[in-house]
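J.: This is the structure I want to talk about, given as structure tokens.
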Amino acid sequence: LLIVAYFKQFGDVLKAFANPRILAILALTSGLAVFNWGFYVWSIEEGRTLESSLGYFINPLLNVVMGYLFLGERFTRPQMLALALAVIAVVIQTISAGVFPWLGLMLASTFCIYGFLRKTIDVGPTQGFLIEVAILALPMLGVQAWLASRGEAHFGANSFDTLMLMGCGVLTAAALILFAASIKRIRYSTAGLLQYLSPSLVFLTAVFIFGERLETWNLVSFAIIWLALAIYSVSALRDEHNRRQEIEPV
């Protein structure tokens, strides 16, 4: 709200509210964000951080698929190989664990669709995020009131928890605003290239801080994902280098 006020963007917010299509898409993206955040937090509470990090490793490759299907971005052979390796990694997870890795795939797909929808609508990152927050405000206040009535609310229960939750909110808002701003400036498939940093940190946190056990099949599937990302990254950087050489004046 402060950012929108500082940059005098309330006019853009009102225009977006007056556009049924944009408002409907932002309602959908706000729901996707809640699902993504909720299941991510749940995965940490349940000791399934490694599985959630797998999802965010897969997410960049799903971005490539979305760019191909809906934005006219074409696959290169290295990208096709990277996607095939990602599928193999998911199959290994499924066979070894005996359970379909629904959590990781759900986190990857919801964030991928969120980013795609935010890229394709004509609304700025801060304006769109403010509308998403406005859409979620009343339902979330209702959930908070319900939890408080059951004595299960953490927000407002004590100063430490309240400050920590507020800090998490600020960090989440900053991340989503910057993400929405960046994907409007670059290819959607290229955006995926930069997103491997977060799951790498989550993976390290799960193993070295939360002490989650790293099984052999976990390590194999993650190694395949890292290989896929390396192949894709080298391909994307080479394509970007070639593109810049083509447009530079002689």
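Here the sequence shown stands for residues 32 to 281, where the numbers follow this note's numbering.
Yeah, the Cβ is synthetic: ideal placement off N, Cα and C, and Gly gets one too.
(1) Output the distance between the C-alpha atoms of Y99 and F106, rounded to the nearest integer angstrom.
(2) Do F88 and I256 have their C-beta atoms within less than 8 Å of each other?
(3) Can you check which of these residues, G135, G86, K150, is closest to T60 by C-alpha distance?
(4) In terms of residues, what are the limits of the alpha helix (DSSP H) holding V72?
(5) So the alpha helix (DSSP H) G86 belongs to, where does it begin and stop?
(6) Over the uninterrupted alpha helix (DSSP H) stretch that includes I166, give me the two end residues.
(7) What is the DSSP secondary structure of G146, counted as helix, strand or coil?
(8) If you reduce the DSSP assignment to three classes, tell me which class G242 lands in.
(9) Using the three-state DSSP reduction, which class does I256 fall into: helix, strand or coil?
(10) Is it buried or exposed, R79, if we count other Cβ atoms within 10 angstroms and call 16 or more buried?
(11) Is it true that the CB of L134 sits closer than 8 Å to the CB of F70?
(12) Grouping DSSP H, G and I as helix and E and B as strand, with all else coil, what is E277?
(13) So, using beta-carbon positions, are G86 and L148 closer together than 8 Å?
(14) Once the 5 residues before and after S266 are set aside, which same chain residues still bring their CB inside 7 Å of it?
(15) Using alpha carbons as the reference points, say which of T125, I152, I162, T157 lies closest to F48.
(16) Check V130 in the structure and name its three-state DSSP category.
(17) In angstroms, rounded to a whole number, what distance separates the CA positions of G155 and V44?
(18) Given A212, which residues of its chain have a CB within under 6 Å of its CB, disregarding the five upstream and five downstream residues?
(19) Since I144 and L63 are thought to touch, with beta carbons under 8 Å apart, how far apart are those beta carbons, to the nearest angstrom?
(20) Does the beta-carbon of F253 have 16 or more other beta-carbons within 10 angstroms, so that it is buried, or is it exposed?
(21) Out of A259, V65, R274, D270, which one is the CA nearest neighbour of A115?
(22) Smallest Cα separation from I152: which of S264, I262, A36, I56?
(23) Please state the DSSP three-state secondary structure of K39.
(24) So, are the CB atoms of I119 and F160 less than 8 Å apart?
T.: Considering the structure as presented:
(1) 7 Å
(2) yes
(3) K150
(4) 51 to 76
(5) 80 to 101
(6) 156 to 180
(7) helix
(8) coil
(9) helix
(10) buried
(11) yes
(12) helix
(13) no
(14) T107, P109, Q110
(15) I162
(16) coil
(17) 9 Å
(18) P156
(19) 6 Å
(20) buried
(21) A259
(22) I56
(23) coil
(24) no
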